[in-house]
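Structure first, commentary second.
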Amino acid sequence: MDKLLIDGGVPLYGTVSISGAKNAALPLLAATLLAPGEHVLHNVPDLRDTRTMLKLLEILGVQWERSGKTVRINADNLTGVEAPYDLVKTMRASVLVLGPLLARLGSARVSLPGGCAIGARPINYHLKGFEKLGVTTNLEQGYVEAIANGRMQGATVYFDVPSVTGTENVLMASVVAEGETVIENAAREPEVGNLVDMLVAMGANIEGKDTDRLVVQGVSELHATESKIIPDRIETGTYMIAVAATGGSVTITDCDPSHLLALTEKLLLCGVNIEETEDSITVSCPEIDGRSLCRLRSIDITTLPYPGFPTDLQAQFMALMVQGDGTSIIHETIFENRFMHVAELKRLGADIAIEGSRAIIRGIGRDTLCGAPVMATDLRASASLVIAGLSALGRTEVSRIYHLERGYEEMAEKLRALGARVEIVRE
Ligand code: EPU
Numbered sequence: 490m491d492k493l494l495i496d497g498g499v500p501l502y503g504t505v506s507i508s509g510a511k512n513a514a515l516p517l518l519a520a521t522l523l524a525p526g527e528h529v530l531h532n533v534p535d536l537r538d539t540r541t542m543l544k545l546l547e548i549l550g551v552q553w554e555r556s557g558k559t560v561r562i563n564a565d566n567l568t569g570v571e572a573p574y575d576l577v578k579t580m581r582a583s584v585l586v587l588g589p590l591l592a593r594l595g596s597a598r599v600s601l602p603g604g605c606a607i608g609a610r611p612i613n614y615h616l617k618g619f620e621k622l623g624v625t626t627n628l629e630q631g632y633v634e635a636i637a638n639g640r641m642q643g644a645t646v647y648f649d650v651p652s653v654t655g656t657e658n659v660l661m662a663s664v665v666a667e668g669e670t671v672i673e674n675a676a677r678e679p680e681v682g683n684l685v686d687m688l689v690a691m692g693a694n695i696e697g698k699d700t701d702r703l704v705v706q707g708v709s710e711l712h713a714t715e716s717k718i719i720p721d722r723i724e725t726g727t728y729m730i731a732v733a734a735t736g737g738s739v740t741i742t743d744c745d746p747s748h749l750l751a752l753t754e755k756l757l758l759c760g761v762n763i764e765e766t767e768d769s770i771t772v773s774c775p776e777i778d779g780r781s782l783c784r785l786r787s788i789d790i791t792t793l794p795y796p797g798f799p800t801d802l803q804a805q806f807m808a809l810m811v812q813g814d815g816t817s818i819i820h821e822t823i824f825e826n827r828f829m830h831v832a833e834l835k836r837l838g839a840d841i842a843i844e845g846s847r848a849i850i851r852g853i854g855r856d857t858l859c860g861a862p863v864m865a866t867d868l869r870a871s872a873s874l875v876i877a878g879l880s881a882l883g884r885t886e887v888s889r890i891y892h893l894e895r896g897y898e899e900m901a902e903k904l905r906a907l908g909a910r911v912e913i914v915r916e
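In the numbering used here, the protein residues as written are 490 to 916.
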């Protein structure tokens, strides 16, 4: 199994460029199923998950080619409606083809994703939304079979909880439904906004971008278009936290600081310096002789839907709080099992107790973590272990880094360019 070796305790210095957002690329790639013609997507990150989505599109009859960060997709002849178990089990976001397939072909068959490392993660909101539009759904041998009985009909769809992929899936189905669809309590994540922009460029009529109420007037057809994936705010946040944890000074470029207000606010409270331009963030912690002069104040966070503190940065923030000067409480409200990194962080010396959906972290101060072998359990947990390893003294070996490769483009190379001593060992 491939591993990442980290010789920690080195502050990070330099510039790092942010890739396109995984969680925007996935729905935008799925949206190309909605119309024939040549779609052009720019700034598509080359990740395990985007490759899986392209493989799925290929199974459905799509042809594509990548040139650098640009992917050209031709969805003229769709030949299938099924997302097989083998792909869905490696990437839950495969369910994002349900909406576009219903819109374009009137039916879809998608393996029901099981539970995953971070929680049960059902798709009942997606299915309830489709049913409101007149779709019949059945569960057959582990597959969701969805059939639009004629043209879908606009309706009001209310989400109990703002679901990101649920909003995206129902939105992609509703753009060609007859009449008006209103999605109430829609997710407001910037990735949903990126999808709205693409759908509007394809000819859809959508109002309410970036709000919790999306109003769609159905159109009879859409056309291919050219779109750009927004910068990855979670990758950006991960590097921000890494610098706060190791000390040093790093300018993060090609990012959108306006998508990271919750994290920026918290890092400032911790005592980290942050300067921003329109598309860059400089994070710095003054240090002398490799010892950070920044005291790291312990603070509390609660994960919430956007614009609240993202659950996708909770594990990384915990790796920082482990080195705080007091007690921090991290409350995870989105996923019920997103503390898998805790046991691994403890292997490096962290003092953390879990009480239900809260983790209580007693900070042990800077320069006190010690490297150890640890195992990655999911994508963001892996990033947390990398941050802890970068700040720990001695060697940390992170195994199962395929998790990391699902969502971070060239992480080892980017970290090395900042002075980190990291190496991937392929086995
Ligand atoms: N939920 C349901 N039923 C549903 C859908 C969601 O009960 O039908 C619950 C979930 O279990 C969770 C909450 O609603 O408690 C919110 O989940 P959401 O549907 O928003 O999550 P998602 O769309 O499956 C996306 C990201 C995740 C990110 C979450 C929350 C993509 C491809 N994935 O997942 O990203 O954690 O939103 O922001 O956009 C990651 O990148 O590491 C990752 C897990």
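Each residue gets a CB set at the ideal place from its N, CA and C atoms; glycine is no exception.
Given the structure is predicted, the values throughout are model-derived calculations rather than measurements.
In the DSSP assignment, what residue or residues form a beta bridge with residue i?
| i | result |
| --- | --- |
| Asn627 | Glu634 |
| Asn683 | According to DSSP, Asn683 bridges with nothing at all. |
| Gly798 | Inspection of the sequence shows that residue 798 is occupied by Phe rather than by Gly. According to DSSP, which records beta bridges pairwise, Phe798 is partnered with Thr792. |
| Arg910 | Asp496 |
| Met864 | Ser888 |
| His830 | None, per the DSSP bridge assignment. |
| Glu821 | Answer is none; Glu821 lacks a bridge partner. |
| Val505 | Ile741 |
| Gln642 | Glu667 |
| Gly883 | Gly497 |
| Val560 | Leu530, Arg555 |
| Ser773 | Ser738, Asn762 |
| Asn694 | Gln706 |
My assumption, with CB atoms under 8 Å, is that residue i sits in contact with residue j. Please give the rounded CB distance.
| i | j | result |
| --- | --- | --- |
| Asp701 | Ala675 | 5 Å |
| Gly503 | Leu868 | Contact flag wrong, Cβ pair sits at about 24 Å. |
| Asn532 | Gly550 | 25 Å between Cβ atoms; not a contact. |
| Leu515 | Leu530 | Leu515 to Leu530, Cβ: 11 Å. No contact. |
| Ile913 | Ile876 | At roughly 17 Å, the Cβ-Cβ gap does not stay under 8 Å, so Ile913 and Ile876 are not in contact. |
| Ser508 | Asp721 | 6 Å |
Starting from residue i and walking both ways along the beta strand (DSSP E), at which residues does that stretch end?
| i | result |
| --- | --- |
| Ser919 | Any answer about residue 919 is impossible in this case: the structure gives the chain only from 490 up to 916. |
| Thr656 | Element bounds for Thr656: not the beta strand (DSSP E) but the alpha helix (DSSP H), 653-663. |
| Gln552 | 552-556 |
| Ala848 | 847-851 |
| Ala842 | 841-844 |
The alpha helix (DSSP H) spanning residue i covers which residue range?
| i | result |
| --- | --- |
| Ile548 | 537-548 |
| Glu620 | 613-621 |
| Asn512 | 511-520 |
| Leu576 | 574-577 |
| Ala808 | 803-810 |
### Task
Would you be able to state if there are at least three C-beta pairs under 8 Å between the region 702-712 and the region 517-532?
yes
### Query
Should the region 545-561 be regarded as contacting the region 746-766, the criterion being three or more beta carbon pairs within less than 8 Å?
Cβ pair count under 8 Å is below three, so no.
#### Entry: Entirely enclosed alpha helix (DSSP H) segments - the region 697-769, minimum 4 residues
722-735, 750-759
### Task
Specify whether the region 571-586 and the region 837-857 touch according to this definition: at least 3 beta carbon pairs, one from each stretch, less than 8 Å apart.
no
### Query
Three or more C-beta pairs closer than 8 Å, one from the region 670-689 and one from the region 536-553: is that the case here?
Judged by Cβ distances under 8 Å, the region 670-689 makes no contact with the region 536-553, as fewer than three pairs qualify.
### Message
For the region 873-887 against the region 492-508, do three or more pairs of beta-carbon atoms, one drawn from each stretch, fall closer than 8 Å, so that the two count as touching?
### Response
yes
### Task
Decide if the region 653-660 is in contact with the region 628-641; the criterion is three or more beta carbon pairs, one per stretch, under 8 Å apart.
no
### Query
Is the number of C-beta pairs between the region 804-820 and the region 689-696 that are closer than 8 Å three or more?
Fewer than three Cβ pairs drawn from the region 804-820 and the region 689-696 lie within less than 8 Å of each other, which leaves the two stretches out of contact.
### Validate contact between the region 599-614 and the region 817-833 using beta carbons, cut 8 Å, 3 pairs
yes
### Message
Below 8 Å, how does it come out for the region 782-800 and the region 752-764: are there three or more Cβ pairs, yes or no?
### Response
yes
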